[in-house]
Amino acid sequence: MKNISIRSATAAALVTTLMAAGPAAQADAVADYFEGKNLRILIGFGAGGGYDTTTRIFARHFSKHMPGHPTIVPQNMPGAGSMKVANFIYNAAPKDGLTIGVFASSTALEPLFGNKKAKFQTSKFNWLGSMHQDTASCTVWKGAGQNIRTLDDLVKAKKPVLFGSTSPAAITSQHALVLKNYLGAPVKIIYGYKGSKAVSLAVQNGEVQGLCGMFESSARGAFSQLIASGDLKVFVQFGPDRAVPFFGDATRLYSKLKSEADRPVLDLIYRQTQLARPMAAPPGVPSDRVAALRKAFMATLRDPALVADAAKRKIEFNPLSATEAMALFAKFEATPKPLIRKAAALIGKKVK
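Just so we're on the same page, the working numbering is the position in the sequence shown counted from 1, plus 131.
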């Protein structure tokens, strides 16, 4: 009996040791996998804009928080309002954890609005989180030649105001179309630009007069000098719950509600910026690698070195975890169909 007890105790100790070693061994396997490799971050917009600037700051600090410390390689892949990246990540990227992407939340929700060019299911991405929670606005260059400073000025404009955009899937288009379809503003969208930086150059060159989809983080960062000079004027802001002091006297769209019944419809469009610049890995990536990416994502955005780096560009990150991001996407996807149809009509889409 004594020998049996000793053997049982030894076996139990061995099991305990193996169980304790399991997570460590798994972590070592993930580190071994990533070590010495390149990890690409595909950016859905062109160089120089808000997505590009913030993602490249993130990329500079990501490796030290990743097991195995892979080399981080940010790459721009603009196209169709970041749809190109979303479709690539979902359908074509290797499912190995070495390719992840940043694309607009409005693009991620295109299947909700019936866009057949969105070849993905939003909930099946391996979401890592979102780099920002933000508030969007629209701007005009030097009053658009009509002394436009407020939303009322735009609505009363005698001539159409041209707004630049990447594609109909982007908020640079959708937010401007709401001003047209909800308030009757004389707005026309010019498509084909590669990102907000390209649109801002077109604005300055006189190709177009306005730019929507201007996040507060971008206004404080890449576009701060143009706004400070007064040449680029924020005339409307879209925060559902509060005004953004940095946007000055820009009109709150929610102060122009025709009916309280319109609030949840506009929320479906404008609360998407609570998921500003979400990041995702493809479906099918091994779960231990996804867990490592998610943990490193949040650790990077809380890193004091990243915070200091971003502060030099007047950028403040305000991240959402993967769990929070997935919960928000699920909430959007649970929106009743009648509200989706109304929101779709405002942004120039049709939903059956």
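We treat Cβ as the ideally placed atom computed from N, Cα and C, and that holds for glycine.
The C-alpha of alanine 427 is placed about 8 Å away from the C-alpha of proline 198.
Separation of alanine 235 and glycine 175 (C-alpha to C-alpha, rounded to the nearest whole angstrom) is 8 Å.
Of all alpha-carbon atoms in Gly315, Lys255, Val334, Asp284, the one lying nearest the alpha-carbon of leucine 293 is that of Val334. For alanine 407, the uninterrupted beta strand (DSSP E) segment begins and ends at 407-412. Remark: fewer than three beta-carbon pairs, one from each stretch, lie closer than 8 Å, so the stretch 205-222 and the stretch 452-466 are not flagged as touching. Put simply, of Asp434, Lys389, Arg425, Ala381 the residue whose alpha carbon is nearest the alpha carbon of threonine 266 is Ala381. For glutamine 340, DSSP records no beta bridge to any residue. The way I'd put it, the stretch 408-418 does touch the stretch 222-235; three or more beta-carbon pairs between them come closer than 8 Å. Inclusion of isoleucine 446 and serine 348 in the CB contact set at 7 Å is warranted, their separation being smaller than that value. Glutamate 241 counts as buried, since no fewer than 16 other beta carbons sit within 10 angstroms of its beta carbon. For phenylalanine 251, there is no enclosing alpha helix (DSSP H), since its DSSP letter is neither H nor E.
Along the stretch 281-344, the beta strand (DSSP E) occurs as fully enclosed runs of 3 or more residues at 292-295, 318-321, listed in sequence order. For glycine 232, the pairing in a beta bridge is given by DSSP as Leu173, Ala411. Under DSSP, no beta-bridge partner is assigned to arginine 420. Remark: C-beta atoms of alanine 374 and arginine 383 approach each other more closely than 7 Å. Counting only the Cα atoms, valine 339 lies some 20 Å from glycine 479. Taking the Cα of leucine 406 as reference, the smallest distance to any Cα among Trp258, Leu243, Lys168 is reached at Trp258.
Ranked by Cα distance from alanine 475, the options Leu332, Ala300, Leu342 are led by Ala300. Contact between tyrosine 324 and serine 355 fails: their C-beta atoms lie close to 21 Å from each other, not under 8 Å.
Shown here for histidine 196: same chain residues with a beta carbon closer than 6 Å to its own, the five before and five after excluded, namely Ala427, Ala430, Thr431 in chain order.
CA-to-CA, the gap between leucine 437 and histidine 192 works out to about 6 Å. Under the DSSP assignment, valine 367 falls in the beta strand (DSSP E) whose first and last residues are 363-368.
When DSSP states are grouped into helix, strand and coil, methionine 197 belongs to the coil group.
With at least 16 other beta carbons inside 10 angstroms of its own, arginine 280 counts as buried. Taking 8 Å as the upper bound for CB-CB distance, arginine 408 and threonine 185 are in contact here, some 6 Å apart.
Pairing serine 268 with phenylalanine 378 gives a Cβ-Cβ distance under 7 Å. Secondary structure of threonine 202 (DSSP, three-state): strand.
When the Cα atoms are used, alanine 190 and lysine 468 turn out to be separated by approximately 38 Å.
In the three-state scheme derived from DSSP, where H, G and I count as helix and E and B as strand, alanine 456 is classed as helix. If the five residues before and after alanine 307 are omitted, its C-beta is found closer than 8 Å to the C-beta atoms of Cys269, Phe294, Ser296, Val318, Ile320, Gly341, Cys343, all from its own chain and listed in chain order. Cβ-Cβ separation between alanine 456 and serine 261: approximately 5 Å, consistent with a contact (criterion under 8 Å).
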